[in-house]
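Scroll down for the structure; my scribbles are underneath it.
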Amino acid sequence: MTRNNLFRLLVYSSIFAGLPLSQASPPAVTSVVLGKGDSYEQTSAAPPTTAVSHRFQVSINGGNLDAITPPTVVVPSGTQAGTVTLSDHSSDEWQFKNTHFVDLNAVNSAYGSGTYTTTVNGTTYSTLGFPSGVFSPNIPAASTNIGTWSGSVLLVDPSQSLTITSNVFSTNFVADRSRIALQMYGISGSEIEDDFTSSANHLSIDIPAFSLTSGQSYDVNVTFYTFVNPTTVNSTGFVLPDTTTLLGAEAVAAFVTDTHFTITAIPEPATGAAMIGGIGLIAGAWHRRRRGIRR
2 MTRNNLFRLL
12 VYSSIFAGLP
22 LSQASPPAVT
32 SVVLGKGDSY
42 EQTSAAPPTT
52 AVSHRFQVSI
62 NGGNLDAITP
72 PTVVVPSGTQ
82 AGTVTLSDHS
92 SDEWQFKNTH
102 FVDLNAVNSA
112 YGSGTYTTTV
122 NGTTYSTLGF
132 PSGVFSPNIP
142 AASTNIGTWS
152 GSVLLVDPSQ
162 SLTITSNVFS
172 TNFVADRSRI
182 ALQMYGISGS
192 EIEDDFTSSA
202 NHLSIDIPAF
212 SLTSGQSYDV
222 NVTFYTFVNP
232 TTVNSTGFVL
242 PDTTTLLGAE
252 AVAAFVTDTH
262 FTITAIPEPA
272 TGAAMIGGIG
282 LIAGAWHRRR
292 RGIRR
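Using our numbering, the first residue of the sequence shown is number 2, and each one after it goes up by one.
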């Protein structure tokens, strides 16, 4: 997965979108998502500290969407106040993103607080928006039970089982209003998320031994989501949103922080030597057998 795909918002398609829709079906919207967030790259065992991008993004997911009228979003305040028309699209997604910011405060200045009226395929979603201020999660990071960092890549022995564990989602985490996703692409069953009702504040995935292919690299993403709403605030001032189902589509706004890193499967020297030795034994046995046949 490329860096451009990580803020879909990363896993929104897998969170909200259902099974693929038949190409013969009419257009159907499964999610309407507004997001503000930061992206990080982890390049060592130490957690990352400097974001590589800051962005505002709108993502419309569903099926057979390529023929619909381009969706629009009315930004209520900020330097980018006005109507935004989404243009980047495929059959299952329309999106808009702006990454030209120095930090998340700059994102907030450009795309301010208030209700963002979003119109998709003739349907208007008028309950989405952002409160004043920044409610971003802490920086995600991952630790593993095996492996060595080299040149910004984590090298692991594919003959050993691998456990990847996220750090604790501690800042702006509220059960039922937060979400964690931990994904390793390219391995079946290794893409997991918690759900909206979970009180867990970290996640782990276990990759069995010999699941990784030697010499192949794998993208790993750790993502923390804080869902927001411009109107509902608790006694401490923290925004407590509800994910609202509107006309069959999930409609949410969120602050998102994600971290990406790369794992490459490299056999340990002892493992590689054992494999070579085993091949040598087989070759030697075959050579002796052929010599016996010649006699």
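In this text, a Cβ means the ideal position worked out from N, Cα and C, and glycines have one as well.
Entirely enclosed alpha helix (DSSP H) segments - the region 82-124, minimum 4 residues: 105-111
Segment limits, beta strand (DSSP E) that includes R178: Segment: none, R178 is in no beta strand (DSSP E) and carries neither H nor E.
One or two residues paired with D220 in a DSSP bridge: T263
Stretch pair the region 206-220 + the region 150-164: three plus CB contacts closer than 8 Å: yes
CA-to-CA distance, V169 to S205, given in whole angstroms: 11 Å
Same chain only: Cβ atoms within 6 Å of N99, ignoring 5 sequence neighbours per side: F57
Per-residue burial, T149 [other beta carbons within 10 Å of its own, 16 or more giving buried]: exposed
Outcome for V221 when other beta-carbon atoms lying within 10 angstroms are tallied against a minimum of 16: buried
Nearest-angstrom Cα separation, counted from I267 out to V74: 47 Å
Counted within 10 angstroms of its Cβ, other Cβ atoms place A47 as buried (16 or more) or exposed: exposed
Own chain partners of S78 with C-beta closer than 7 Å, once the 5 adjacent residues on each side are dropped: G113, S114 and G115
R178 beta carbon less than 7 Å from that of Y226: no
CB-CB length for T224 against V257, believed under 8 Å: 6 Å
CB contact flag (L156, L35, <7 Å): no
G83 versus Y126 - alpha carbon distance: 16 Å
Rounded C-alpha distance that separates P152 from P27: Sequence check: residue 152 is Gly here, not Pro. Taking the straight line joining both Cα atoms gives about 48 Å.
Identified DSSP bridge partners for V75: T84 and T118
Euclidean distance between Cα positions of F102 and V135: 15 Å
Euclidean distance between Cα positions of S133 and V76: 14 Å
CA-to-CA distance, F97 to D89, given in whole angstroms: 6 Å
Distance, V85 Cα to T120 Cα: 10 Å
Selected residue, minimal CA-CA separation from Y219, among A201, M185 and I140: M185
A142 versus H261: straight-line alpha-carbon distance, rounded: 8 Å
S236, DSSP secondary structure in three states: Annotation note: pLDDT 38 at S236 (below 50); position unreliable, coordinate value reported separately. The answer is coil: DSSP assigns S236 none of H, G, I, E or B.
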